[in-house]
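Asks: Numbering (UniProt numbering) for the sequence shown: 1 to 129.
In this text, a Cβ means the ideal position worked out from N, Cα and C, and glycines have one as well.
Here's a structure for you.
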Amino acid sequence: MYGPAIPVVMLTALVFWFSATAFRRGRALRERGVRIAAKCVNRERDTKGISTLTMQFTAEDGRKLQVRVGPFRNPPALVGGIIDVVYDPEDLSNAETPDNVMSGRVSLPAAVLSGLVLALAVFVLFFGD
């Protein structure tokens, strides 16, 4: 009855959510991010060799924070190493290494395109014959 509209709605909703979230987080880091030196306190590697790092630093307001950054094929630090991270003072869970801050070149077009496809699929789902 609805044809492919339901799976298309589900898939494009997921793509829209992920790309919009990536764009929003990257934009926040670019606009108000604070760059600070952080110490690597842990490194986790998955079965494919992809690593994430747990970084520790003291925020501008004096709070000690630990954040996870990555993923990395070649991590920029080993445990005990110091590298720069950029964090969002309004969302302390949003942190990344400066090289990994999203520019929006991929996430914004993906969000716009998936949003348009999502709107069309919802329209077909509710108003199509």
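1. Counting along the chain, where does the alpha helix (DSSP H) carrying residue 26 start and finish?
2. So, using beta-carbon positions, are residue 108 and residue 23 closer together than 8 Å?
3. With a CB to CB cut of under 7 Å and the five nearest residues on each side skipped, what residues in its chain are close to residue 76?
4. Under three-state DSSP, which class holds residue 91?
5. For the stretch 88-95 against the stretch 51-67, are there 3 or more C-beta pairs whose distance is under 8 Å?
6. Can you tell me whether residue 14 is buried or exposed? The criterion is at least 16 other CB atoms within 10 Å of its CB, across all chains shown.
7. Less than 8 Å between the C-beta atoms of residue 32 and residue 89, yes or no?
8. Taking all protein chains shown into account, do 16 or more other C-beta atoms lie within 10 angstroms of the C-beta of residue 78, making it buried, or fewer, making it exposed?
9. How is residue 75 classed by DSSP in three states: helix, strand or coil?
10. Which word fits residue 38, buried or exposed, when buried means at least 16 other C-beta atoms lie within 10 angstroms of its C-beta?
11. If you follow the alpha helix (DSSP H) that residue 124 is in, where does it begin and where does it stop?
Replies: From the atom records:
1. Here residue 26 is taken as the residue at index 26 of the sequence shown, counted from 1. Start and end: 5-32.
2. Counted from its first residue, the sequence shown places residue 108 at position 108. Counted from its first residue, the sequence shown places residue 23 at position 23. When the beta-carbon positions are compared, residue 108 and residue 23 come within less than 8 Å of each other.
3. Locating residue 76 in the sequence shown gives position 76, counting from the first residue. Taken in chain order, the residues that qualify are 83 and 97.
4. Indexing the sequence shown from 1 puts residue 91 at position 91. Three-state result, residue 91: strand.
5. Cβ pair count under 8 Å is three or more, so yes.
6. Residue numbering aside, residue 14 sits at position 14 when the sequence shown is read from its first letter. Answer is exposed; the Cβ neighbour count stays below 16.
7. In the sequence shown, counting from the first residue as 1, residue 32 sits at position 32. In the sequence shown, counting from the first residue as 1, residue 89 sits at position 89. Contact: yes.
8. Working through the sequence shown from its first residue, we reach residue 78 at position 78. With fewer than 16 other Cβ atoms within 10 Å, it is exposed.
9. Position 75 of the sequence shown, counted from the first residue, corresponds to residue 75. It is coil, neither helix nor strand.
10. Within the sequence shown, numbered from 1, the residue matching residue 38 stands at position 38. The C-beta of residue 38 has 16 or more other C-beta atoms within 10 Å across all chains shown, which makes the residue buried.
11. For this step, residue 124 is matched to residue 124 along the sequence shown. In the DSSP annotation of this structure, the continuous segment of the alpha helix (DSSP H) that includes residue 124 starts and ends at 107-127.
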